[in-house]
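A short write-up of the structure that comes next.
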Amino acid sequence: MHITKKVLAVAGIAAASALILAGCSSTSTSTGGTAATGIPIIVSGISTLSVFPEAPQAAQAVFDEYNAAGGFNGRPIAYTVYDDKIDPAVTATAAKDALAAGSVAMVGSSSLLECGVNYKTWQDNSVVSYQGTGVDPFCFATPNIAPANDGPFFDIYATAWNAVKVDGAKSACILAATADPATKLAYEQTFKDFEKATNTKFAYIDDSVGYGADYTAAITNLLGKGCDAVIMGGVGPDVTGMISAMTAQGSKLPVYVQTSCYYPDFAAGVASYGGKVSVPAEFAPLDDPANADFSALMAAKNVTPSSFAQGGYLAAKDFISALERTTGDVTAKSVMAAATSQTEANSSGMRGNPWIFGPGTSHQANAATYRIDIAPGSGVWANVGPWLLGDTMKWVNTVVPS
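Numbered according to mature numbering (1 follows the signal peptide of the UniProt record, and there is no 0), the sequence shown spans residues -22 to -1, 1 to 380.
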């Protein structure tokens, strides 16, 4: 899942704003049923394909399997993925295109900015989004979107909890890359909430750096603040750059990173670092038996197993659960009614807590993490556990920054 491999994986599609994925596949792992051949049920996703290709790929794998087994009353799910290119205008156009195509729901979207750009569009058109990877605060603080993942705000809160409350750091410092003002404000509120809940203070916070930056100066500044632990916010390639800068300066401080770093290539990429690296995974560890079906399907479809793929897989499963609870015609409104009336959790050992879309003006449906560490110099992840729940940490749900 290293960024270079990601770009190669989507090189054939990233140039287009939309990728229409086949409703059925000859390589489906399904072994029973008759393939769906009825009128397709249209769903879409909007993703940053240069960063999160696995999420829509995993969702497509689920739909392929479902279609091969008969689909919904003989109707296949036809899935279209739009590349947002990290461009608000492209992202907004993708939403219009998805609606024009007749999408009854958004599924598996994994984007750095999509929720903030399009949440009002989904509300105005009674469309729900089963987000594969929610990133910006609007993914977690608006009524029509429910991400499969924890999101960066819960995630960095749990990251800080492991550093301060579990490992006993007294002077923890934070370096967080942010992509937009709303995300920056949401991070800052999360840090304040953590300090209030734990009656502690961070020694230093820098959330002024952007994605893809040279982190040498930021790390030099941070290491001069008397830190005894470093909490890092950002996706894998950025955090790899931060840790490389620490290695270059001879630091061996324990580092606490977000779930976006949880994949084998990241661990191998920081093998030269002399300190411990820890992550609060938002789904069961990849080698956990709870992932058996997921892992088999990803292998069959040549999708890189990662937390992003787990999110896309679960988002597709959650959507299918709602689809099968619809009454009458399958429309955006009937899917929305099934989603918002949900009272029984979608059970999956891949999650640490029951997941429900349900009613409400916001959705932090996933509020659990599982600790996994990289020992100094090992280059591999090792499961630590146990599951850590939001209630235990006095977590306060993300709100839309004002």
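Using N, Cα and C, we set each Cβ at its ideal position, and we do this for glycine too. Small disclaimer: the values here were computed from a predicted structure and weren't measured.
Quiz item: Which class does S8 belong to by DSSP, given the choice of helix, strand or coil?
Solution: Your numbering for residue 8 matches position 30 in the sequence shown. Since pLDDT at S8 reaches only 36, below the 50 mark, its modelled position is unreliable, and no value is offered.
Exercise. Check each candidate in A136, A36, I55, A56 and name the one with the smallest Cα separation from Q109.
Key: Here the question's residue 109 lines up with position 131 in the sequence shown. In terms of CA proximity to Q109, A36 leads the group A136, A36, I55, A56.
Self-check item: Cβ-based neighbour list, S238, same chain, cut-off 6 Å, excluding 5 preceding and 5 following
Solution: Locating residue 238 in the sequence shown gives position 260, where the first residue counts as 1. Answer for S238: V213, G214, listed in chain order.
Self-check item: For A353 and A268, the rounded distance between their alpha carbons
Solution: Taking the sequence shown and counting its residues from 1, one reaches residue 268 at position 290. Taking the sequence shown and counting its residues from 1, one reaches residue 353 at position 375. So the alpha carbons of these two residues sit roughly 24 Å apart.
Quiz item: Is any heavy atom of the ligand GTP found at a distance shorter than 6 Å from the C-beta of A293?
Solution: Questions concerning the ligand GTP fall outside what the structure shown contains, since it holds no ligand whatsoever.
Quiz item: Would a check of beta-carbon distances place D206 closer than 7 Å to chain D?
Solution: Any reference to chain D falls outside this structure, which holds one protein chain only.
Quiz prompt | Inter-residue Cα distance where the pair is L(-15) and K179 | solution = One-based indexing of the sequence shown puts residue -15 at position 8. One-based indexing of the sequence shown puts residue 179 at position 201. Since pLDDT at L(-15) reaches only 27, below the 50 mark, its modelled position is unreliable, and no value is offered.
Exercise. Indicate whether A126 and T347 have their beta-carbon atoms separated by less than 7 Å.
Key: Along the sequence shown, one-based indexing puts residue 126 at 148. Along the sequence shown, one-based indexing puts residue 347 at 369. Not a contact, by the Cβ cut-off of 7 Å.
Exercise. Given a cut-off of 7 Å, decide if A39 and G11 are closer than it, judged by their beta-carbon atoms.
Key: In the sequence shown, the residue the question calls residue 11 occupies position 33. In the sequence shown, the residue the question calls residue 39 occupies position 61. No, the Cβ-Cβ distance between G11 and A39 is not below 7 Å.
Quiz item: If you pair each beta-carbon of the stretch 19 to 32 with each one of the stretch 284 to 292, do three or more pairs fall below 8 Å?
Solution: Pairwise C-beta distances place the stretch 19 to 32 in contact with the stretch 284 to 292, as three or more of them are shorter than 8 Å.
Practice problem: Starting from the C-beta of K203, find all residues in its chain whose C-beta is less than 6 Å away, skip the five residues before and the five after it, and write them out in chain order. | Solution: Start at 1 with the first residue of the sequence shown, and residue 203 comes out as number 225. Here the set comprises C151, A181, Y182.
Self-check item: Contacts around S380, its chain only, beta-carbon distance under 6 Å, and the 5 residues preceding and following it disregarded
Solution: In the sequence shown, counting from the first residue as 1, residue 380 sits at position 402. Closer than 6 Å at Cβ, skipping near neighbours: no residue.
Quiz item: Can we say the stretch 297 to 313 touches the stretch 136 to 145, given the rule of at least three CB pairs closer than 8 Å?
Solution: Touching, no, given that fewer than three Cβ pairs across the two stretches are closer than 8 Å.
Quiz item: Along the chain, where does the alpha helix (DSSP H) that runs through L264 open and close?
Solution: In the sequence shown, the residue the question calls residue 264 occupies position 286. Neither: L264 is in no alpha helix (DSSP H) and is coded neither H nor E.
Quiz prompt | Close beta carbons around L367, own chain, < 8 Å, minus the five adjacent residues each side | solution = Position 389 of the sequence shown, counted from the start, is the residue given in the question as residue 367. Closer than 8 Å at Cβ, skipping near neighbours: G330, N331, A345, A346.
Quiz item: Going straight from the alpha carbon of N324 to that of G228, what length do you get?
Solution: Stepping through the sequence shown from its first residue, residue 324 is reached at position 346. Stepping through the sequence shown from its first residue, residue 228 is reached at position 250. Near 46 Å, if we compare the C-alpha coordinates of G228 and N324.
Quiz item: Just how far apart, CA to CA, sit T111 and D128?
Solution: Here residue 111 refers to the residue found at position 133 when the sequence shown is read from its first residue. Here residue 128 refers to the residue found at position 150 when the sequence shown is read from its first residue. When rounded, the distance between both Cα atoms is 8 Å.
Quiz item: Cα-Cα, which of T304, R303, A277 is closest to Y291?
Solution: Against the sequence shown, residue 291 aligns to sequence position 313. Comparing alpha carbon positions, the residue from T304, R303, A277 closest to Y291 is A277.
Exercise. Grab the span of the beta strand (DSSP E) containing I209 for me, first residue to last.
Key: As a working mapping, residue 209 is identified with position 231 in the sequence shown. Per DSSP, the continuous beta strand (DSSP E) segment holding I209 begins and ends at 207 to 211.
Quiz item: Given that a residue counts as buried once 16 or more other Cβ atoms are within 10 Å of its Cβ, and exposed if not, what is A78?
Solution: For the purposes of this step, residue 78 is taken as residue 100 along the sequence shown, with counting starting at 1. Classification for A78: exposed.
Quiz item: In this structure, does DSSP put I17 in helix, strand or coil?
Solution: Here residue 17 refers to the residue found at position 39 of the sequence shown. In the structure shown, the three-state DSSP call for I17 is coil.
Quiz item: Roughly how many angstroms separate the alpha carbons of G336 and S319, rounded to a whole number?
Solution: Indexing the sequence shown from 1 puts residue 336 at position 358. Indexing the sequence shown from 1 puts residue 319 at position 341. Taking the straight line joining both Cα atoms gives about 5 Å.
Quiz prompt | Own chain partners of A154 with C-beta closer than 6 Å, once the 5 adjacent residues on each side are dropped | solution = Here residue 154 refers to the residue found at position 176 when the sequence shown is read from its first residue. Excluding the 5 residues flanking it on each side, A154 has same chain C-beta neighbours closer than 6 Å at Y165, D185, G211, in chain order.
Quiz item: Within this structure, are the beta carbons of T194 and A223 separated by less than 7 Å?
Solution: Here residue 194 is taken as the residue at index 216 of the sequence shown, counted from 1. Here residue 223 is taken as the residue at index 245 of the sequence shown, counted from 1. Yes, the Cβ-Cβ distance between T194 and A223 is below 7 Å.
Self-check item: G363, enclosing beta strand (DSSP E) - first and last residue
Solution: Counting from 1 along the sequence shown, the entry for residue 363 is found at position 385. Run containing G363: 360 to 367, per the beta strand (DSSP E) assignment.
Quiz item: For V(-16), does the three-state DSSP call read helix, strand or coil?
Solution: What you label residue -16 is simply residue 7 of the sequence shown in a count that begins at 1. Because V(-16) carries a pLDDT of 31, less than 50, the predicted location of this residue cannot be relied on, and no value is offered for it.
Practice problem: Output the boundary residues of the alpha helix (DSSP H) element that contains residue 466. | Solution: The first residue shown for the chain is -22 and the last is 380, placing residue 466 beyond what the model contains.
Exercise. Determine the contact status of P121 and T339, defining contact as a CB-CB distance below 7 Å.
Key: Position 143 of the sequence shown, counted from the start, is the residue given in the question as residue 121. Position 361 of the sequence shown, counted from the start, is the residue given in the question as residue 339. One thing to note: P121 has its Cβ within 7 Å of the Cβ of T339.
Practice problem: Would you identify the three-state DSSP class for M84, choosing helix, strand or coil? | Solution: For the purposes of this step, residue 84 is taken as residue 106 along the sequence shown, with counting starting at 1. It is a strand residue.
Self-check item: Endpoints, the alpha helix (DSSP H) within which Y251 is located
Solution: Position 273 of the sequence shown, counted from the start, is the residue given in the question as residue 251. That residue, Y251, is in no alpha helix (DSSP H); it is neither H nor E in DSSP.
Quiz prompt | Pairwise C-alpha distance: A246 and S104 | solution = Working through the sequence shown from its first residue, we reach residue 104 at position 126. Working through the sequence shown from its first residue, we reach residue 246 at position 268. Distance between the alpha carbons of S104 and A246: 44 Å.
Quiz item: What are the partner residues of R303, as DSSP defines its beta bridges?
Solution: Position 325 of the sequence shown, counted from the first residue, corresponds to residue 303. R303 is bridged by DSSP to nothing; it lacks a bridge partner.
Self-check item: Of the listed residues W139, Y234, F41, nearest to T370 (C-alpha basis)
Solution: The residue labelled residue 370 in the question sits at position 392 within the sequence shown. Among W139, Y234, F41, the Cα nearest to that of T370 belongs to W139.
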